[in-house]
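Take a look at the structure set out below.
Residue numbers (my numbering): 8 to 308.
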């Protein structure tokens, strides 16, 4: 809720008619496109634009509908022709990639190159005809757009629920602006209880590294769990250890109480031998675009 953010924000709430128009347009676009299976949301499947509009007028917006609104707005407001753009990973970032592809195809945007943060995003972008490069050739980005699993009042983030935290952090740290897109359910008063903190570690002696992480002073009280099955989900869905795009493992840190000092934990985790990186993104956010039941708000750091 906005009362958690009494300072340093700009609130831009769309009138209901504009919101419904945006949703209807978004549904129509979604219904005609191909989707990458890993993160293709359910919204819009089997609906015409008119039925989508009637549904939006009579029922509360679904989480996927809210994600689409912020994904589209992030590209509309922050991406200009000639930019180098970082493309995030996950079910919300999916819509930003989709919108970028649409605007390139229509000619509204030109001379764009993009850097994906995962194999899944790379495949989606290629399918949409978005020109791709890497940090090896473009070390400076104009803007990166990505979702988040949790956002606290200081704009510290938890990311990595989809397993792409290392590549996301590398790309987003290289961007002049980092725009975070979420629905209101991701906003929280403190990181930890709402979503586990993912930590990417080397496979070598991974059980030792897991125990070392759990014993860190800033991680006191956490339950450190090795991710199993698919790396893109922190819910176990297989018997094998989950492997990231980089060939590493992930340990998810479950907390019952809010983390007292997220930046301190970030530093302590990063300094631990065997840890490749972690899902705490502190001091990186330029703006957060939030979709809620009453419209869209933009909060700037």
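In this text, a Cβ means the ideal position worked out from N, Cα and C, and glycines have one as well. These numbers were taken from a predicted model, which means no experiment stands behind them.
The residue among 200, 194, 92 and 294 with its C-alpha nearest the C-alpha of residue 160 is 194. Non-local beta-carbon contacts of residue 281 in its own chain, meaning distances under 6 Å to residues more than five positions away in sequence, involve 208, 209 and 216 in chain order.
Assignment of alpha helix (DSSP H) within the region 202 to 264, counting only whole runs of 4 or more residues, yields 213 to 221 in chain order.
Runs of beta strand (DSSP E) with 3 or more residues, each lying fully within the region 85 to 167, are found at 91 to 94, 120 to 123 and 148 to 153, listed in chain order. Remark: fewer than three beta-carbon pairs, one from each stretch, lie closer than 8 Å, so the region 286 to 304 and the region 247 to 256 are not flagged as touching. Residue range 269 to 277 is occupied by the alpha helix (DSSP H) that includes residue 269. Here residue 139 is exposed: its Cβ has fewer than 16 other Cβ atoms, across all protein chains shown, within 10 Å.
Put simply, of 192, 163, 180 and 89 the residue whose alpha carbon is nearest the alpha carbon of residue 95 is 180. Classified as buried, residue 259 has 16 or more neighbouring CB atoms from the shown chains inside 10 Å of its CB.
Cβ contact annotation for residue 245 (same chain, cutoff 7 Å, sequence separation greater than five): 235, 236 and 237, in chain order. Three or more beta-carbon pairs separated by less than 8 Å are not found between the region 220 to 228 and the region 143 to 156, which leaves the two stretches without contact. A check of alpha carbon separations from residue 175 across 163, 155, 190 and 192 identifies 155 as the nearest.
Non-local beta-carbon contacts of residue 190 in its own chain, meaning distances under 8 Å to residues more than five positions away in sequence, involve 70, 73, 74, 77, 99, 297, 298 and 299 in chain order.
In the DSSP assignment, residue 175 falls outside any beta strand (DSSP E) and lies within the alpha helix (DSSP H) extending over 172 to 180.
Following the DSSP letters along the chain, one finds residue 284 inside the beta strand (DSSP E) bounded by residues 282 to 285. If you ignore the 5 residues before and after residue 102, its C-beta comes within less than 7 Å of the C-beta of 74, 75, 78 and 79, all in its own chain and listed in chain order. Within the same chain, and ignoring the five residues on either side of residue 196 in sequence, the residues whose Cβ sits closer than 8 Å to its Cβ are 11, 159, 160 and 265. Residue pairing of residue 77 in beta bridges, as defined by DSSP: absent, with no partner found. In the structure shown, residue 192 adopts helical secondary structure according to DSSP, grouped into three states.
Following the DSSP letters along the chain, one finds residue 298 inside the beta strand (DSSP E) bounded by residues 294 to 299. By the neighbour-count criterion, in which 16 or more other beta carbons inside 10 Å mark a residue as buried, residue 242 falls on the exposed side. Ranking 303, 126, 84 and 301 by CA distance to the CA of residue 185 puts 84 first.
Per DSSP, the continuous beta strand (DSSP E) segment holding residue 302 begins and ends at 302 to 307. Shown here for residue 90: same chain residues with a beta carbon closer than 7 Å to its own, the five before and five after excluded, namely 119, 149 and 150 in chain order. In its chain, beyond the 5 residues on either side, 241, 259, 260 and 261 have a beta carbon closer than 7 Å to the beta carbon of residue 203.
The beta carbons of residue 81 and residue 152 sit about 5 Å from each other, so the pair counts as a contact at 8 Å.
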